[in-house]
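Read in this note's numbering, the sequence shown has 185 at position 144, and its numbers run on one by one without any break. Structure first, commentary second.
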Amino acid sequence: MRPTRTTVLLTAGLVTLLGVPAAAAADAPSTLYVNNSYLPNCSDTGPGSEDTPFCTISAATKVVQPGQTVRVIASKPYDETVTIDRSGEPGKPVSIVAGPNTGSLAQVKGLNIQGASHLVVRGLSSRGGVQVSRSTDVELDRITSVSTTDPASVVVGWGSADVRVSRSYLLNPVRIEGGSRGTVLSRNQIRGGITAAVDAVWGPGTIVTNNTLYLSCDAAVSFRGASTGSGAFNNLISTSTPKSCVNPGPRSGILVGQDSATGTRADYNLLAGFPADGVVPYKWAEVVHTTSAAFRAATGQGAHDILTPTTSDVGPWERSPTVDSGDPTAPGVLPTDYNGYPTTDDPRVPNTGKDGGFIDRGAHESQDEVRGVRLEIAQNWAPVGTTVQVRAVADNNWPGTLTYRYDFGDGTAPVVTKAATAEHVYQSPCACTVQVKAVTAAGKEAYRQQSIKVTPASPLATAFTAEPYLPSASDPNRLVTPLSVQVDPQSATAPWPIARMDVDYGDGAKDTGSTPDPVQHAYKQPGTYKVTVTLTDVKGAASTAERTVQVDYTPAGYVAVRPSRVLDTRTTGSPVQGGAATPIDVPVHYYSSGPHHTAGASAVVLNVTVTGATEDTHLSVWPSGQPRPVTSNVNVKAGGTSSNTVTVPVGADGLISAQLNSGKAALIVDYVGHYQPNTGQRFTPLAPTRVADTRTAGGALGGGQTRTVKVAGVNGIPADATAVALNLTGTGSTENAHVIAYPEADKRPTTSNLNLEPGKDKSNQAIVPVGPNGTITLYTNTGSTHLVLDAVGYYAKDGKALFTPVVPQRLADTRTTGKLAPGATATVAGIPANAVGAALNVTATDTTGPGFLTVYGYGGTRPEASSLNTRPGETVPNHVTTPVADGRVSVWNSHGGANHVITDLFGYFTQG
42 MRPTRTTVLL TAGLVTLLGV PAAAAADAPS TLYVNNSYLP NCSDTGPGSE DTPFCTISAA
102 TKVVQPGQTV RVIASKPYDE TVTIDRSGEP GKPVSIVAGP NTGSLAQVKG LNIQGASHLV
162 VRGLSSRGGV QVSRSTDVEL DRITSVSTTD PASVVVGWGS ADVRVSRSYL LNPVRIEGGS
222 RGTVLSRNQI RGGITAAVDA VWGPGTIVTN NTLYLSCDAA VSFRGASTGS GAFNNLISTS
282 TPKSCVNPGP RSGILVGQDS ATGTRADYNL LAGFPADGVV PYKWAEVVHT TSAAFRAATG
342 QGAHDILTPT TSDVGPWERS PTVDSGDPTA PGVLPTDYNG YPTTDDPRVP NTGKDGGFID
402 RGAHESQDEV RGVRLEIAQN WAPVGTTVQV RAVADNNWPG TLTYRYDFGD GTAPVVTKAA
462 TAEHVYQSPC ACTVQVKAVT AAGKEAYRQQ SIKVTPASPL ATAFTAEPYL PSASDPNRLV
522 TPLSVQVDPQ SATAPWPIAR MDVDYGDGAK DTGSTPDPVQ HAYKQPGTYK VTVTLTDVKG
582 AASTAERTVQ VDYTPAGYVA VRPSRVLDTR TTGSPVQGGA ATPIDVPVHY YSSGPHHTAG
642 ASAVVLNVTV TGATEDTHLS VWPSGQPRPV TSNVNVKAGG TSSNTVTVPV GADGLISAQL
702 NSGKAALIVD YVGHYQPNTG QRFTPLAPTR VADTRTAGGA LGGGQTRTVK VAGVNGIPAD
762 ATAVALNLTG TGSTENAHVI AYPEADKRPT TSNLNLEPGK DKSNQAIVPV GPNGTITLYT
822 NTGSTHLVLD AVGYYAKDGK ALFTPVVPQR LADTRTTGKL APGATATVAG IPANAVGAAL
882 NVTATDTTGP GFLTVYGYGG TRPEASSLNT RPGETVPNHV TTPVADGRVS VWNSHGGANH
942 VITDLFGYFT QG
């Protein structure tokens, strides 16, 4: 139950301890500062300002004036014994206070107070004890003290008066002597030693209230030597087992000598561990009393004392007899406990204190603990004018004691209430944050917040955006499928929460969800689609909106990787063939365990080899899930081997498809890199530039041999290029062989770039990562061959252009317009006008004589280098990366023979 006179009970008999000092004289600062860590600015001869503080406490105590506060910054110990002999005035005390906050303790070697009055000392920790002599009106608060030279940690003597010790941790006893009067000890923890924990040997009027005292060799509280008119109230006295004691008699909880019994009182104390061997609870006027009843009968004291046989379950916690059982009117009672917490009423415990009071016994006051709070909002999405109901669910021990502070986040005054629920009506739309604090009587609190959406009071109206959903630069390895679009309905006007969202993507795919969150969808191919979104709210209202969405591939940078083989049907036993598409998994992201999913790649660069064909045929490669295009990538004769570089978009399922026009053949696919939005390197196209020719330098490359070629930092290719695009031509080969171009000489891959045949000039374009010192390495497995390398572009951080893949499409086919004659130039159009480069597949067929084709930017100067070598009786394709001007390229035929030329577009480069 709760008392009806709480305030009266708690304030009666209070000793004022914590008042703020009055203002100092107008001509002196109110605060002097001490900071021994503020070197070199501190000075004991300076002004003691915050900018130039004293280095020692002693320097400040020599000049402090009445009403001034000495603020001691407790950063590191002070190697000094502090002596205070200066006094304040009534209402204008001298204050020595540790900082910067209330929990700080400034360590000193010792503390002596001599002949001082009107003094407050707070927050000092003394390793050499505290001595108070000839002093009056002295407050010692939050003191920690131990002494190795005196049995007592605090000594009050030499006729001192009105000395108050509160909220302190004293590791040795307190001794009051020399006729000192009116000493008050409140809310301290004090350990006894060879003398009593509180030992008044000539200290009339000593008051010991609400302390936790640990009995050792003597008594917990001892009044003797004419310490008349003293008192012990609300104390928790615990027994302990000392290692050795010299006192021959039994130890006592409370000891009052014959000469000190007059006017001395004791009540509401709790003695834990009494009685026990060698320990008695009371010795009063030389008479031992072993029970509280006997003590009360003989002296009239201790009517409300409690004796417990053990010290367990005694303290500031649930079910302890100390809780809510003290005397709030006892002299020396403080409004706060050892930790600064207020006197609080535990509603689970009957108030058995005096007159129904609920102060605890001992130095600590039991407190509620709030471990957390949950916030529930009944309408976290509602239109303006709706009554919003909130509820706090706290995790605490004491029911009904918390105070709740609700802030609804719209600028209105917070609601402070004892109720766990509150209501609020918002007057304008907002995305507000509702906050609740659950606060105990001691100021302990738990906090939680939650967002609320306050909408205009208008009908439901669906609106949405549909934007490309791309890989991010910060997380390039996250799987994002090409041609993905994000549909976001956040722009809809929805006065009430959405219960259902239906999305029709316009390609036959649909989504249904219970929240209006953004959703992503990957289209199988570029195009124009009508997207429809229908929202239904919790009140049953529905609204539909639609919009046309153009889905295209996004410009991307190039990511070079270590070449790896991803398919070889010679080992799987499943050849590629006409009439059936072969799916090819194209791993893009590399983990330590090897290549895995396609991450965010929009297109991949492959070296594709067809061998062992059963008839003359060609191979087409295209994105999985799209119709097979009319374009081709590799042309091969029956029984022959042919390879080509292929740049192709990745399908929505992370695959690409490959199919022969007719017949069967083995298919070998090597993966060399990929294009990905928001990552990778930009491309700079070059007019074909010769970087190596073994016919003029170095001689033919022999089988099993390697040769290093510098490609970066020369021929207009910057030193920081990460990959180069090369046209690799083999001529004069003595055997069927293959050539590998790779970055690091000691890490040759098992892939290949060019397949050679004796008597034939063969070429293939390769994109090769740049190795150490701007070099690449060339290798052939058998025989010997001359190699010619022409650079057609490079990839670098500061490159010019990004790559946009396209669905493979045919730009030109001279079989419908007539052959390209020797020495003639054809113009191929159909590339976007803003393109600066293009990735083409150029095929020469029905050739009448050996020669070569050169592809270059329209209107530019024709280079001497070749793009592919033509051979009579063969169809020869090659991947060509070339500059573009005005959306066009030029194709020049050498003077070897007439050719049909077929040009297919796989992507283009644009600046931006």
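Virtual Cβ for every residue (Gly too), placed ideally from N, Cα, C.
For residue i, which of helix, strand or coil comes out of DSSP?
{"i": "GLN722", "result": "strand"}
{"i": "LYS494", "result": "strand"}
{"i": "TYR632", "result": "At TYR632 the pLDDT is 49, less than 50, meaning the model places this residue with poor confidence; the figure from the coordinates comes in the next sentence. Three-state result, TYR632: strand."}
{"i": "ASN768", "result": "strand"}
{"i": "GLN527", "result": "strand"}
{"i": "ASP831", "result": "strand"}
{"i": "PHE264", "result": "strand"}
{"i": "ASP945", "result": "strand"}
{"i": "ASP92", "result": "coil"}
{"i": "THR428", "result": "strand"}
{"i": "TRP933", "result": "strand"}
{"i": "ASP396", "result": "helix"}
{"i": "ASP543", "result": "strand"}
{"i": "PRO509", "result": "strand"}
{"i": "PHE336", "result": "helix"}
Taking C-beta to C-beta, are residue i and residue j nearer than 7 angstroms?
{"i": "VAL917", "j": "THR911", "result": "yes"}
{"i": "ALA879", "j": "VAL811", "result": "no"}
{"i": "SER908", "j": "VAL896", "result": "yes"}
{"i": "GLN468", "j": "ASP448", "result": "no"}
{"i": "PRO214", "j": "GLY234", "result": "yes"}
{"i": "ALA504", "j": "VAL528", "result": "no"}
{"i": "THR868", "j": "PRO604", "result": "no"}
{"i": "PRO455", "j": "ASN719", "result": "no"}
{"i": "GLN722", "j": "GLY840", "result": "yes"}
{"i": "PRO517", "j": "ALA644", "result": "no"}
{"i": "ILE295", "j": "ALA313", "result": "no"}
{"i": "ASN76", "j": "ILE114", "result": "yes"}
{"i": "VAL7", "j": "TYR712", "result": "What is shown of the chain runs 42 to 953, which leaves residue 7 out entirely."}
Out of the options, which has the shortest C-alpha to C-alpha gap to residue i?
{"i": "VAL297", "options": "GLN342, THR332, ALA334, LEU277", "result": "GLN342"}
{"i": "SER128", "options": "ASP178, THR97, SER774", "result": "ASP178"}
{"i": "GLY220", "options": "GLY234, VAL249, GLY373, SER268", "result": "SER268"}
{"i": "ASP545", "options": "ALA535, GLU508, ARG588", "result": "ARG588"}
{"i": "THR481", "options": "ALA463, TYR599, VAL457", "result": "VAL457"}
{"i": "GLN299", "options": "SER271, ILE278, GLY549", "result": "SER271"}
{"i": "PRO759", "options": "PRO726, ALA876, ASP120", "result": "PRO726"}
{"i": "ALA550", "options": "GLN531, VAL526, ASP558", "result": "VAL526"}
{"i": "ALA654", "options": "THR303, ALA707, GLN700", "result": "ALA707"}
{"i": "ILE278", "options": "ALA302, PRO316, PRO245, ARG306", "result": "PRO316"}
{"i": "TRP663", "options": "SER499, GLY681, LEU696", "result": "LEU696"}
{"i": "GLN408", "options": "GLU417, ASN437, VAL425", "result": "ASN437"}
{"i": "SER957", "options": "GLN172, THR884, GLY641, PRO863", "result": "Residue 957 cannot be examined here, being either before or after the span of the chain that is shown, 42 to 953."}
{"i": "SER698", "options": "GLY739, LYS678, ALA764, PRO624", "result": "PRO624"}
{"i": "SER227", "options": "TYR379, VAL113, THR427", "result": "TYR379"}
{"i": "SER136", "options": "LEU946, THR747, ILE98, PHE336", "result": "ILE98"}
Tell me, please, which residues DSSP counts as bridged to residue i.
{"i": "THR585", "result": "THR575"}
{"i": "TYR712", "result": "SER605, LEU647"}
{"i": "ALA706", "result": "VAL617"}
{"i": "ILE278", "result": "LEU254, LEU312"}
{"i": "HIS562", "result": "VAL526"}
{"i": "CYS471", "result": "VAL495"}
{"i": "GLY413", "result": "ASP436"}
Among the residues of its own chain, which have a CB less than 8 angstroms from the CB of residue i, if the five just before and after it don't count?
{"i": "GLY744", "result": "GLU776, ALA778, THR821, ASN822, THR823, GLY824, SER825"}
{"i": "GLY547", "result": "TYR570, LYS571, VAL572, THR573, VAL590"}
Tell me which residues share the same chain as residue i and place their Cβ nearer than 6 angstroms to its Cβ, disregarding the 5 neighbours each side in the sequence.
{"i": "THR770", "result": "SER804, VAL829"}
{"i": "VAL434", "result": "ARG415"}
{"i": "ALA326", "result": "GLN299, ALA302"}
{"i": "PRO559", "result": "GLN527, ASP529"}
Spatial neighbours of residue i within its chain, please: CB distance less than 7 angstroms, with the 5 preceding and 5 following residues excluded, ordered by chain position.
{"i": "PRO567", "result": "LEU524, VAL592, ASP593, TYR594, VAL848"}
{"i": "SER665", "result": "PRO624, GLY692, ASP694, LEU696, ILE697, SER698"}
Measuring from the CB of residue i, is there a heavy atom of the ligand NAP at a distance below 6 angstroms?
{"i": "GLU180", "result": "Of the ligands one can find in the structure shown there are none, so the ligand NAP has no counterpart to examine."}
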